[in-house]
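Chains as they are written, first to last, in the working numbering: chain S, 76 to 542; chain A, 76 to 542; chain F, 76 to 542.
Virtual Cβ for every residue (Gly too), placed ideally from N, Cα, C.
#1: Less than 9 Å between CB atoms is the rule here; does residue 190(S) satisfy it with respect to chain A?
#2: Could you tell me how far apart the beta carbons of residue 283(S) and residue 277(S) are, in whole angstroms, since I believe they sit closer than 8 Å?
#3: According to DSSP, simplified to helix, strand and coil, what is residue 325(S)?
#4: Nearest to residue 295(A) by CA position, among 259(A), 466(A) and 203(A), is which residue?
#5: On the criterion of 16 or more Cβ atoms from any shown chain inside 10 Å, does residue 392(A) qualify as buried, or is it exposed?
#6: Given a threshold of 16 other Cβ atoms within 10 Å of its Cβ, counted over all protein chains shown, does residue 224(F) qualify as buried or as exposed?
#7: Measuring CA to CA, which of 500(F), 464(F) and 189(F) is closest to residue 304(F)?
#8: Would you check if there are 3 or more beta carbon pairs closer than 8 Å linking the stretch 144–163 of chain F to the stretch 326–345 of chain F?
#9: State the start and end residues of the unbroken alpha helix (DSSP H) segment that holds residue 507(F).
#10: Tell whether a beta-carbon distance below 9 Å holds between residue 346(A) and residue 506(S).
#11: When the cut-off is 9 Å and only beta carbons count, does residue 509(A) lie next to chain S?
#12: Is the separation between the beta-carbon of residue 265(F) and that of residue 310(F) shorter than 9 Å?
#13: Output, in sequence order along the chain, the residues in the stretch 373–397 of chain F whose CB is closer than 7 Å to any CB in chain A.
#14: Give, in chain order, every residue of the stretch 128–142 of chain S whose Cβ lies closer than 9 Å to some Cβ of chain F.
#15: Could you give the distance in angstroms between the alpha-carbon of residue 456(S) and the alpha-carbon of residue 281(F)?
#16: Do you know whose CA, among 152(S), 260(S), 458(S) and 180(S), lies nearest residue 502(S)'s CA?
#17: Residues in the same chain with beta-carbon distance under 8 Å from residue 144(S), minus the five sequence neighbours each way, listed in chain order, please.
#18: Does the pairing of the stretch 525–540 of chain A with the stretch 325–339 of chain F give three or more beta-carbon distances under 8 Å?
#19: In its own chain, which residues sit with a C-beta less than 6 Å from the C-beta of residue 273(S), not counting the 5 before and 5 after it?
#20: In angstroms with no decimal places, state the Cα-to-Cα distance between residue 513(A) and residue 127(S).
#21: Taking CB distances under 9 Å as the criterion, tell me whether residue 151(F) reaches chain S.
#22: Residue 330(A) by DSSP, collapsed to three states: which one?
#23: With H, G and I counted as helix, E and B as strand and the rest as coil, what does DSSP make of residue 513(S)?
#24: Let me see if you follow: with CB-CB separation under 9 Å, is residue 360(S) close to chain A or not?
#25: Name the one or two DSSP bridge partners that residue 538(A) has.
#26: Which class does residue 417(S) belong to by DSSP, given the choice of helix, strand or coil?
#27: Quick one: using the 10 Å Cβ neighbour count with 16 as the cut-off for buried, is residue 326(F) buried or exposed?
#28: So that I know if they touch, is there some Cβ in chain S lying closer than 9 Å to that of residue 560(A)?
#29: For the putative contact between residue 380(A) and residue 401(A), defined by C-beta atoms under 8 Å, what is the C-beta separation to the nearest angstrom?
#30: For residue 255(S), write down the residues that DSSP places opposite it in a beta bridge.
#31: Would you say residue 161(A) lies against chain S (beta-carbon separation less than 9 Å)?
#32: Out of curiosity, what's the CA-to-CA distance linking residue 151(A) and residue 524(A)?
#33: In this structure, how does DSSP classify residue 197(A) when only helix, strand and coil are distinguished?
#34: Roughly how many angstroms separate the alpha carbons of residue 231(A) and residue 373(F), rounded to a whole number?
#35: Closer than 9 Å, CB to CB, is residue 426(A) near chain S or not?
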């Protein structure tokens with residue numbers, strides 16, 4: 076034993092104190108390290124990683140909100156450009172009014188009704204709204220608000236969604252242009268944007284009943300082909316049916332063209348909408364996650380391009396002239412078509428979705444005219460019909476095998492369309508009975524700018540006599 | 076040996092088990108540490124945290140600068156739209172010239188005079204300017220440049236502020252439209268933007284004497300209701316008083332309307348200004364801090380919306396027709412009103428600020444016409460009067476209890492207004508005496524486009540005869 | 076003591092060597108750990124750090140792509156504004172078609188031909204294209220895709236470059252305006268954007284033969300003064316020579332002016348182009364690196380401003396009237412001039428580059444008219460001539476001493492210009508022989524809007540009779 080001890084001691088004995096000192100030093104270092112680590116964790120470590128991702132994502136959210144805002148300028152210029160100069164002030168006023176009223180009603184009621192956070196009046200189907208408060212309070216300005224799934228602050232969430240909210244009414248505004256009376260339309264707008272839009276939207280984005288669609292995989296509507304665009308398109312259809320066509324549009328079997336008065340304005344509109352759509356779809360990633368972001372920008376751009384090309388080629392082949400307004404609507408059709416599925420399709424899939432959307436809008440515009448449904452800017456075809464297409468395409472072109480079915484998707488979009496149509500038909504119908512929704516024939520002939528606003532859009536220029 | 080052993084054992088023997096235990100603990104700790112390190116791989120170091128926050132914030136700074144740049148397109152189209160077609164080229168030329176000259180003078184003199192960094196000629200009151208150099212040098216491209224308070228590089232700081240600089244002259248340009256001579260106006264622009272704007276701005280943003288206002292809490296002017304907008308508005312008032320009204324505007328008690336020649340252009344202008352304002356106010360957070368950013372976007376949007384609604388409703392009730400140009404100015408009024416205080420008010424506060432601003436601009440526009448102060452685009456009311464309102468509202472609606480008082484705020488904005496007015500009255504007055512500041516009556520009647528530029532804005536269209 | 080020793084030895088004695096070994100191991104582990112920690116800070120931490128830097132940079136990439144997209148609206152409105160109202164629909168249709176076809180061809184062929192990643196058909200000179208696949212696969216959505224040098228995902232890379240691709244054809248579209256037949260021009264567009272642009276671009280950005288220029292320092296063309304702008308400008312020159320001038324433009328020694336029909340539209344175009352250029356140049360930093368980003372925004376803005384001022388001053392001095400369209404082209408000249416070198420020049424250097432560019436465009440526009448080369452919008456001067464200037468300026472104004480020589484730069488841009496000219500002359504020449512590239516004189520007189528599209532841009536307004 077002593078030998079053993081001796082043996083042990085003979086070599087390492089001298090080093091034992093050193094070893095012990097080293098251990099002590101090591102422990103000290105570890106203590107320092109622990110302190111540093113704790114400082115890191117508490118201050119900026121582990122959390123900092125998430126914090127910076129959160130900061131980037133939140134920045135993207137507000138930039139995307141600003142881009143969606145620009146879509147309202149796009150709608151205003153597109154609708155003004157595609158209609159007659161005597162109704163331009165009216166269209167601009169309506170579109171400006173819609174974005175203003177949309178933001179205010181969404182703050183005062185819509186947001187909390189759209190995202191009830193489990194606090195339903197009728198479970199999964201309807202929630203009450205209320206004014207927003209300090210959304211930065213109670214962790215609303217931290218990663219804790221929505222985590223990776225909704226990587227923004229409460230105010231970021233609000234302002235991004237608020238910019239979407241007014242879109243539905245804007246879609247309707249184009250379809251009822253050149254004949255709808257201002258006051259009832261603005262009342263309708265407040266109710267559509269303030270009440271109906273968040274109500275229907277809550278079914279999907281508010282985690283309502285649509286989560287059970289597609290065998291529990293949920294309804295697939297990435298950025299709103301259904302809950303924004305089809306919603307607006309079918310609301311527009313109801314209003315157009317109640318309003319009737321513009322005077323002189325359909326005389327017997329003859330369909331008279333009312334060409335848009337300012338094609339540069341219409342083109343500005345479509346290209347601003349396309350630009351804004353990068354925020355609409357890109358922002359719907361709900362974070363700055365690099366993979367989805369690049370994919371969504373790419374599929375959005377390619378679908379728009381393909382939609383423009385197919386509508387232009389069809390008009391060139393069938394109508395014999397390449398029609399600019401058809402090409403413009405083709406671009407929008409591609410954009411609406413990709414909106415439901417931009418994050419789950421391949422680039423080649425997005426091109427096909429756009430090509431088909433461009434074809435759909437071409438035939439739908441012609442078809443509605445045949446049916447004497449007068450939609451001056453093609454809003455029902457672009458947003459309603461292609462909105463349905465986008466939802467179906469999500470099942471057909473999904474490369475992620477997420478279990479979306481055509482039937483499940485159709486159920487979802489049908490529910491949205493029926494609700495939008497019914498709500499609009501009832502509310503606009505009541506307004507029609509109560510105060511009338513259409514201007515007089517004299518006012519229609521003279522133009523709504525003088526009749527409703529006492530202001531001309533282009534007072535320095537000589538308008539052409541009635542054609 | 077035994078001694079040795081004894082010696083070894085005598086002291087450390089008792090500690091050997093402890094040492095062994097310590098070693099075991101150390102090994103355990105090291106395992107924990109390894110786990111912690113691996114966790115840290117998913118997290119990050121102290122330095123990286125700040126670096127990435129800096130990278131995001133700097134990115135936001137340059138994007139916000141680009142958005143503020145777009146406001147110059149907004150001003151150009153708004154001012155062109157609200158005036159007559161015979162003066163359109165002149166307005167476009169002036170606005171293009173202002174942004175070009177503004178950027179150059181700010182680089183050559185303004186920036187260093189605006190932010191003297193303690194290097195005053197007259198302490199807290201006036202500093203000399205000089206050309207910018209390599210702002211990336213000496214840590215100008217690191218977090219060290221401005222820290223969390225000004226989270227950008229030196230060039231980021233420069234370009235963001237440079238985009239603001241030209242705004243003041245642009246505000247004046249709208250007010251003097253349709254009668255001011257080009258050359259003296261451009262000379263005035265260079266002096267206003269190059270000298271006066273950074274001089275007055277240095278009082279507040281350059282850490283000048285205004286820091287002592289409000290009992291040492293400092294003047295509250297978040298993004299420039301006073302030092303940008305009221306500055307421009309009161310400079311405009313001085314120039315308008317020196318110029319006099321447009322010929323035929325006020326005949327006896329009759330006030331003749333000169334309706335804007337292109338309402339889509341004016342609407343494009345206001346919506347681009349609104350878009351750009353998200354960069355103007357949002358960028359003034361001076362970092363990408365998520366909490367303030369979401370709040371500022373929200374309050375900016377709600378105030379604009381409320382301003383548009385209140386001005387529209389007032390025009391509808393009082394003038395009997397919903398006036399588009401009034402609604403447009405209402406939106407701008409709300410934006411100017413929220414600019415001083417967007418980061419310290421609640422959403423409901425911002426709505427109230429906007430509603431009041433819309434009312435103020437409505438009555439101010441009517442009042443100035445009564446006083447025969449001819450401001451073709453309403454710039455004095457929108458920027459001057461509502462700029463004052465925004466400063467006062469910062470004291471009234473502050474939810475952060477920062478100690479801003481109405482009286483302190485009024486002192487600050489009064490100093491800005493007086494300085495802007497006096498500088499402009501003197502400089503534009505000298506130019507008036509020296510070379511005249513107004514075109515001839517013949518040129519005014521024919522239009523400045525032909526007179527000053529020999530170019531028409533719309534040569535292919537038939538203008539209406541004099542009305 | 077011996078008991079103690081015994082006690083110690085009796086049980087732990089056997090373990091003492093083990094304990095000592097353990098201590099040694101612990102010390103070793105601690106050393107390893109320290110190294111690991113240092114690695115973490117330097118290496119592993121960098122990875123986490125890199126992730127967020129990657130996220131920010133990728134976000135900037137897609138935002139910059141959206142800003143470059145807006146340049147297409149800028150080109151559309153600029154070209155429409157600077158030409159006659161009877162050809163407006165045609166210009167809008169062409170520009171919309173170019174962006175749509177450009178995106179599609181770049182996805183189906185161009186991208187993989189532009190960036191062959193070493194997979195050349197003729198080494199350093201020509202690579203085959205192919206459709207893009209899932210660019211997120213195989214690490215395409217991670218930092219690993221391009222590292223710090225190209226800090227974006229594969230889809231980010233694609234969409235940013237795709238937005239550039241169509242620019243070349245858009246430049247041509249302005250130069251051939253008011254007389255080129257639609258169908259051959261669209262065929263030419265597909266071939267120019269789909270084949271020639273990525274082919275020539277691969278020499279520089281695809282790491283082709285141009286890397287050996289300037290004594291191995293490589294060709295300096297930061298964001299594409301040569302491979303985008305000069306490419307487009309010299310392609311335009313070839314097409315213009317094949318087309319001939321507009322009827323009536325040059326009669327004997329008289330040069331007839333065809334003033335642009337809508338100067339607000341042209342101004343909107345230039346200011347949107349300037350806005351988009353912040354994405355074009357800023358995005359070409361290829362990350363969100365704060366130092367270069369601030370510098371590039373600053374030099375881009377100052378060169379544009381200086382170009383506008385010098386062209387305006389020259390027109391005022393020499394032509395006696397300050398010409399708006401010259402000032403607009405001066406801004407663009409400054410932007411094209413700074414595009415090759417925005418990241419390596421000083422602010423004062425950028426001002427000089429812009430001033431000279433503004434002068435160059437002024438004299439070039441006058442010179443081309445003297446040579447009876449009819450370019451309705453000045454595209455050859457702005458993009459071709461100033462593109463060459465930007466490349467030369469990169470050698471003259473470089474403050475980084477990177478070894479760029481005037482001669483090396485000239486070789487590079489000459490190769491680009493010759494290739495663009497030759498390709499265009501051959502392809503457009505074949506189309507001319509095959510189907511004709513010019514509309515009939517009757518159609519030219521009546522306008523291409525009616526002739527090619529059966530649609531007027533402004534059907535509600537009275538056009539002026541032929542002047």
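In terms of the structure at hand:
#1: no
#2: 5 Å
#3: Shown here, residue 325(S) sits in a strand according to DSSP, grouped into three states.
#4: Looking only at 259(A), 466(A) and 203(A), the smallest Cα-Cα distance to residue 295(A) is reached by 466(A).
#5: Exposed is the call here.
#6: It is exposed - the Cβ of residue 224(F) has fewer than 16 other Cβ atoms within 10 Å.
#7: 464(F)
#8: yes
#9: 481–510
#10: With contacts defined by Cβ atoms closer than 9 Å, residue 346(A) and residue 506(S) do not form a contacting pair.
#11: no
#12: no
#13: 373, 376, 377, 380, 381, 383, 384, 387, 396 and 397
#14: 128, 130, 131, 132, 134, 135, 138 and 142
#15: 43 Å
#16: When only C-alpha atoms are compared, the closest one is 260(S).
#17: 174, 238 and 351
#18: yes
#19: 185, 188 and 189
#20: 55 Å
#21: yes
#22: It is a strand residue.
#23: strand
#24: no
#25: Per DSSP, 536(S).
#26: coil
#27: Of the residues assessed, residue 326(F) falls on the exposed side of the cut-off, its CB having fewer than 16 other CB atoms within 10 angstroms.
#28: This structure leaves residue 560(A) out entirely; chain A is present only between 76 and 542.
#29: That pair is no contact at about 15 Å.
#30: BP columns for residue 255(S) point to 513(S).
#31: So yes, residue 161(A) belongs to the interface.
#32: 15 Å
#33: strand
#34: Those two C-alpha atoms are separated by around 8 Å.
#35: In terms of beta-carbon proximity, residue 426(A) lines the interface with chain S, with at least one pair separated by less than 9 Å.
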